[in-house]
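Working notes for the structure below.
Protein chains: 2
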Amino acid sequence: MDVKALCLGVLAKGPATGYEIKKLIQDGPYQHFIEASFGSIYPSLSRLAAEGLIEARTEPLEGRPDKKIYSLTPQGREAFRSILSRDPPEDKFRSGFLFQMMFADALGPEEKTAKIEGKLAEYRARHARMVEKRTSQPLSEGELFCLGFGESLVTAAIAYLDSHARRSAAPAPSPAPARRVRAGTAR
Amino acid sequence: MDVKALCLGVLAKGPATGYEIKKLIQDGPYQHFIEASFGSIYPSLSRLAAEGLIEARTEPLEGRPDKKIYSLTPQGREAFRSILSRDPPEDKFRSGFLFQMMFADALGPEEKTAKIEGKLAEYRARHARMVEKRTSQPLSEGELFCLGFGESLVTAAIAYLDSHARRSAAPAPSPAPARRVRAGTAR
DNA sequence: GCCGGCTATATCGGGCCGATATCGACGTCC
DNA sequence: GGACGTCGATATCGGCCCGATATAGCCGGC
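Residue numbers (my numbering), protein chains in the order written: chain A, 370 to 556; chain B, 370 to 556.
See the structure below:
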């Protein structure tokens with residue numbers, strides 16, 4: 370998902386500065402499934418303004434750059450509606466942890482267990498943030514759907530890692546940990 | 370995870386051409402959690418060779434570029450071991466579908482249902498490929514772990530989407546669909 | 001007074017990728 | 001036999017993304 374579309378989406382919810390857009394993406398309801406940096410947000414805002422999809426109202430600040438509050442233009446709102454109607458790209462999941470675990474036989478059992486424990490802690494922290502989000506403020510229909518989806522994935526990951534953290538370092542081959550398949554060699 | 374590390378990992382399993390590396394990443398056991406294109410694989414292989422971490426044996430081909438079969442050098446094997454020992458970055462999940470669903474109130478109920486059905490089909494196809502992989506060939510310990518992890522996430526996504534596809538277009542707020550929380554408005 | 005965090009504006013160089021180019025081998029279809 | 005599409009193979013390039021960096025005032029804690 371390109372960063373211009375992300376910016377349009379955030380601005381569809383209301384005017385915001387570049388810094389606020391980053392905070393909403395990073396800490397807001399989107400945080401579990403999109404990401405964007407200042408290095409791409411500011412250039413995208415410039416391009417969107419040049420294309421007439423957004424406009425900026427500036428507030429002068431003493432001794433620092435003017436504050437720019439961006440909002441959608443009617444063309445921007447229309448462009449965003451068009452983005453919403455498209456078939457979305459495939460969801461992407463990327464994991465350096467799983468890449469390392471692909472070479473589990475090159476790691477010692479303690480190293481493996483440490484990596485699983487570390488990733489379990491990461492997922493537990495992520496889930497705690499989700500629960501806090503769910504319980505601390507009213508959410509829209511779409512936000513509830515997205516948070517629920519994300520929680521499904523995160524709780525499934527926790528269950529899987531938890532079952533493997535308790536085992537010494539022998540992974541099971543399927544999501545049902547009780548079922549065991551004899552491990553072979555690859556390639 | 371940078372593409373040089375991915376190439377080192379694939380070559381740790383055995384020598385391969387650039388084209389084979391791409392196929393293994395795209396269709397092999399890694400496909401559910403890493404990705405790389407020709408646009409990054411070939412430059413990465415050049416850099417790795419320049420750094421002495423891999424070497425290439427060429428086989429001349431008639432009327433086309435020489436076939437280059439890459440393999441790790443001892444320094445490359447050492448560098449890869451070091452990569453395996455590092456703390457991995459956070460797992461990343463990216464979803465244009467969820468981004469669109471964040472604006473569910475701007476979509477009609479039929480459009481919402483169509484998007485959920487489309488994504489459900491995508492996840493079912495992905496799961497079918499995982500099951501085929503699990504049952505069609507012996508897998509190493511690490512491959513079993515990674516496939517099991519991926520299947521956990523994919524089956525959780527299927528369960529969540531399935532429960533929402535059956536409902537008219539009223540999402541539940543949590544992974545347990547029976548629990549319902551009153552939806553509010555955001556920002 | 002110093003320090004760290006927050007709120008703000010940005011840029012830049014390096015890495016990534018989709019599209020593109022090239023080309024022979026092979027199998028299918030007409 | 002020719003056309004066509006796919007496969008196996010080598011790459012490059014322009015545009016996008018991002019982490020690091022720069023600048024700087026406000027605020028609260030020590």
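For every residue, glycine included, the Cβ atom is placed at its ideal position computed from N, Cα and C.
Here the structure is a predicted model, which is why all the values come from computation and not from measurement.
I'd like to know if Thr554/B contacts chain A, where contact means its C-beta is closer than 9 angstroms to some C-beta of that chain.
With a pLDDT of only 32 at Thr554/B, under 50, the local geometry of the prediction cannot be trusted, and no value is derived from it.
For a contact defined as C-beta to C-beta under 7 angstroms, what are the partners of Cys515/A on chain B?
Under the 7 angstroms cutoff, chain B gives Leu467, Met470, Met471.
Of all the options Arg535/A, Gln506/A, Arg493/A, Thr442/A, which has the alpha carbon lying nearest to the alpha carbon of Gly519/A?
The shortest Cα separation from Gly519/A among Arg535/A, Gln506/A, Arg493/A, Thr442/A belongs to Arg493/A.
How long is the line joining the alpha carbons of Tyr399/B and Ser464/A, rounded to whole angstroms?
Between Tyr399/B and Ser464/A, the C-alpha separation is close to 10 angstroms.
Which residues in the same chain have their Cβ closer than 7 angstroms to the Cβ of Phe466/B, if we skip the five residues on either side of it in sequence?
Cβ neighbours of Phe466/B beyond the five flanking positions: Lys484, Lys488.
Give, in chain order, every residue of the region 473 to 487 of chain A whose Cβ lies closer than 8 angstroms to some Cβ of chain B.
Answer in chain order: Ala473, Asp474, Ala475, Leu476, Glu480, Lys484, Gly487.
Give the interface partners of Ser521/A over in chain B, defined as CB-CB distance under 8 angstroms, in chain order.
Within chain B, the residues near Ser521/A are Ala525, Ala526, Ala528, Tyr529, Pro544.
Taking only beta carbons into account, state which residues of the region 373 to 405 of chain A come closer than 8 angstroms to chain B, listed in chain order.
Per Cβ criterion, the list reads Ala374, Leu375, Gly378, Ala381, Lys382, Gly383, Pro398, Tyr399, His401, Phe402, Ile403, Glu404.
Do Ala418/B and Phe468/A count as a contact pair if the criterion is CB distance below 9 angstroms?
Not in contact: Phe468/A and Ala418/B (Cβ atoms no closer than 9 angstroms).
Using a Cβ cut-off of 9 angstroms, which residues of the region 449 to 460 of chain A contact any Cβ in chain B, in chain order?
Of all residues in the region 449 to 460 of chain A, Phe449, Arg450, Ile452, Leu453, Ser454, Arg455, Asp456, Pro457, Pro458, Glu459, Asp460 have a Cβ within less than 9 angstroms of some Cβ in chain B.
Please look up how many angstroms separate the CB atoms of Ile452/A and Leu377/A, rounded, as I've assumed it's under 8 angstroms.
Sure, about 7 angstroms apart at Cβ, within 8 angstroms.
Among Cys515/A, Lys391/A, Thr482/A, Gln506/A, which one has its Cα closest to the Cα of Asp531/A?
Comparing Cα positions, the closest option is Thr482/A.
With a 10 Å radius around its C-beta and 16 neighbouring C-beta atoms as the bar for buried, classify Arg556/B as buried or exposed.
Residue confidence for Arg556/B is low, a pLDDT of 35 falling below 50, so the modelled location carries little weight and cannot support an answer.
Check the Cβ-Cβ distances between Phe462/A and every residue of chain B, and say whether any is below 9 angstroms.
Answer yes: the Cβ-Cβ gap between Phe462/A and chain B drops below 9 angstroms somewhere.
Going along the chain, which residues of its own chain have a beta-carbon closer than 8 angstroms to the beta-carbon of Ala381/B, five neighbours each way excluded?
If we look at Ala381/B and ignore the five residues flanking it on each side, its Cβ neighbours are Leu441, Arg446, Phe449.
When the distance is taken between beta carbons, is Ser454/B closer than 9 angstroms to Glu480/A?
A contact, by the Cβ cut-off of 9 angstroms.
Measure the alpha-carbon distance for Pro443/A versus Lys461/A and round it to whole angstroms.
Their backbone Cα atoms lie some 31 angstroms apart in a straight line.
Please classify Arg536/A: is it buried, with 16 or more other beta-carbons within 10 angstroms of its beta-carbon, or exposed?
That one is exposed.
As a quick exercise: from Pro457/A, Glu428/A, Ala490/A, Arg433/A, pick the residue whose alpha carbon is nearest that of Pro457/B.
Nearest C-alpha to Pro457/B: Ala490/A.
With a Cβ-Cβ cutoff of 9 angstroms, do Ala405/B and Leu522/A count as a contact?
Going by C-beta atoms, Ala405/B is not nearer than 9 angstroms to Leu522/A.
Name, please, each residue of chain A whose Cβ falls closer than 7 angstroms to the Cβ of Glu491/B.
What Glu491/B touches in chain A: Glu459.
Counting along the chain, where does the alpha helix (DSSP H) carrying Lys392/A start and finish?
Its alpha helix (DSSP H) spans residues 387 to 396.
Do the CB positions of Pro384/B and Arg433/B come within less than 9 angstroms of each other?
In this structure, Arg433/B does not lie closer than 9 angstroms to Pro384/B by Cβ.
Quick check on DSSP: helix, strand or coil for Thr427/B?
In the structure shown, Thr427/B sits in a strand (DSSP, three-state: E or B).
Would you mind listing the alpha helix (DSSP H) stretches within the region 453 to 487 of chain A that are 4+ residues and don't spill past its ends, in chain order?
Fully enclosed alpha helix (DSSP H) runs of 4 or longer: 465 to 470.
Hey, quick one: how far does the beta strand (DSSP E) through Ile438/A stretch, first residue to last?
Start and end: 433 to 441.
Applying a beta-carbon distance threshold of less than 9 angstroms, which residues of chain A neighbour Phe407/B?
Chain A residues near Phe407/B: none, gap ~18 angstroms exceeds 9 angstroms.
Can you grab the Cα-Cα spacing for the pair Phe402/B / Ser505/A, in whole Å?
Cα-Cα distance, rounded: 32 angstroms.
Closest to Arg592/A by C-alpha separation, out of Glu510/A, Asp371/A, Leu476/A, would be which residue?
Since the displayed chain A opens at 370 and closes at 556, residue 592/A lies outside it and no answer follows.
Taking the alpha carbon of Ser414/A as the reference point, which residue from Lys391/A, Pro429/A, Asp396/A has its own alpha carbon closest?
Note that residue 414/A corresponds to Leu in the displayed sequence, not to Ser. Cα-wise, what sits closest to Leu414/A is Lys391/A.
May I ask you to report which of helix, strand or coil DSSP gives Ala405/A?
It is coil, neither helix nor strand.
How about Ala547/B: is its C-beta nearer than 9 angstroms to some C-beta of chain A?
Unreliable placement is indicated for Ala547/B, whose pLDDT of 33 sits below 50; the coordinate value is still reported in the next sentence. No, no contact with chain A.
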